[in-house]
Amino acid sequence: MELDGRVVVVTGGTRGVGAGIARAFARAGATVVACARRPPEVALPGVEFTRLDVRDAAAVGEFLDTVAARYGRLDTLVNNAGGTPYRLLEEADAQRHARVVELNLLAPLTASLAARPHLDASGGSIVMIGSVGGARPSPGSAAYGAAKAGLESLARSMAVEWAPRIRVNTLVLGMVRTERSALHYGDEDGVAAVGRTVPLGRLAEPSDAGDAAVFLASPRAAYISGASLLVHGGGERPAFLDAATVNRPRVGRLRQGDAE
51 MELDGRVVVV TGGTRGVGAG IARAFARAGA TVVACARRPP EVALPGVEFT
101 RLDVRDAAAV GEFLDTVAAR YGRLDTLVNN AGGTPYRLLE EADAQRHARV
151 VELNLLAPLT ASLAARPHLD ASGGSIVMIG SVGGARPSPG SAAYGAAKAG
201 LESLARSMAV EWAPRIRVNT LVLGMVRTER SALHYGDEDG VAAVGRTVPL
251 GRLAEPSDAG DAAVFLASPR AAYISGASLL VHGGGERPAF LDAATVNRPR
301 VGRLRQGDAE
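This note's numbering numbers the first residue of the sequence shown as 51 and each following residue consecutively.
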């Protein structure tokens, strides 16, 4: 129970990745408060729920102050709330793109600012939940990818400005299997097929993200700040590897000089 006595807030912590993160912190012994616009759809043992829209800066500040007052401290803020529908750039107006950036970049900023005094008092940490979409082209979710790229940059700057009392890191996630995976990948065969494109052979589970988040918030990561931890199963299997497997000629044992 490495985080026994610690108090953790997880935004968007009632389903998918957020629920996996909340569960992992509860298993590690922390007091966990999850906030989201909707209540959990399944039981989250050891996790308290508060209804909240993270885009409402005043409500977020009041919520964090209440948590810190109730438990006497706040040790970790996990900025997980986010997401976007699939939509090509020209299919959405500027207002919709702005809402995506507001949710995925500005909301974590305002939540972090509100949490800062409490985290400074406890010597706590912030874990941003990023995406591999922030480091590669993101057709169909371009504003989301741009916001996630900005989130990593924001975390690195926070890590410098708020040191040494507060550590700030980003958990950069690849594809995660959640209750909404069917919307993106289809049935179980579709999920398995997509999983085979990952070097480790499967999509991440929410618990994989949760275990990594607990590590970043734990004393074991005491000297880690301003870092981006990739949790993506090795990334995506390059297409040329499959082509090479099919087309590679059968050869005998190499003799000395063959590779020179």
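We put the beta carbon where it would ideally sit given N, CA and C, even for glycine.
### Task
For D170, I'd like the list of residues in its chain whose CB is within less than 7 Å of its CB, leaving aside the five on either flank, ordered along the chain.
Correct list, in chain order: R215, I216.
### Message
If you reduce the DSSP assignment to three classes, tell me which class S191 lands in.
### Response
S191: coil per DSSP, three-state reduction.
### Query
Which class does R65 belong to by DSSP, given the choice of helix, strand or coil?
Of the three classes helix, strand and coil, the one that applies to R65 here is coil, per DSSP.
### Query
In chain order, what residues of the same chain lie with their CB nearer than 6 Å to the CB of R303, ignoring the 5 residues before and after it?
In this predicted model, R303 has a pLDDT of only 44, less than 50, meaning its place in the structure is not dependable enough to derive any value.
### Task
Please state if the CB of G70 and the CB of G260 are separated by a distance shorter than 8 Å.
For the pair G260 and G70, the CB atoms are nearer than the 8 Å cut-off.
### Task
Output the residue ranges of the alpha helix (DSSP H) runs that lie fully inside the segment 203–286 and measure 4 residues or longer, sorted by chain position.
For the segment 203–286, whole alpha helix (DSSP H) runs of length 4 or above, ordered along the chain, are 231–235, 238–245, 256–267.
### Message
Quick check on the DSSP output: the beta strand (DSSP E) that includes T126 runs from which residue to which?
### Response
Unbroken beta strand (DSSP E) run through T126: 126–129.
### Rounded straight-line distance, which links the Cα of T160 to that of F113
In this structure, the straight-line span from the alpha carbon of F113 to that of T160 is close to 12 Å.
#### Entry: Length-filtered (4 minimum) alpha helix (DSSP H) runs lying within the segment 145–182
Taken in chain order, the complete alpha helix (DSSP H) segments of 4 or more residues contained in the segment 145–182 are 157–172.
### Message
Assuming V58 and A80 are in contact, meaning their beta carbons sit under 8 Å apart, how far apart are those beta carbons, in whole angstroms?
### Response
With 8 Å as the limit, V58 and A80 qualify as a contact, their Cβ atoms being about 5 Å apart.
### Message
Is the beta carbon of L266 closer than 8 Å to that of L280?
### Response
It is not a contact, given that the beta carbons lie outside the stated cut-off.
### Task
Indicate whether the contact test is met: 3 or more Cβ pairs, each with one atom in the segment 164–182 and one in the segment 113–122, closer than 8 Å.
Touching, yes.
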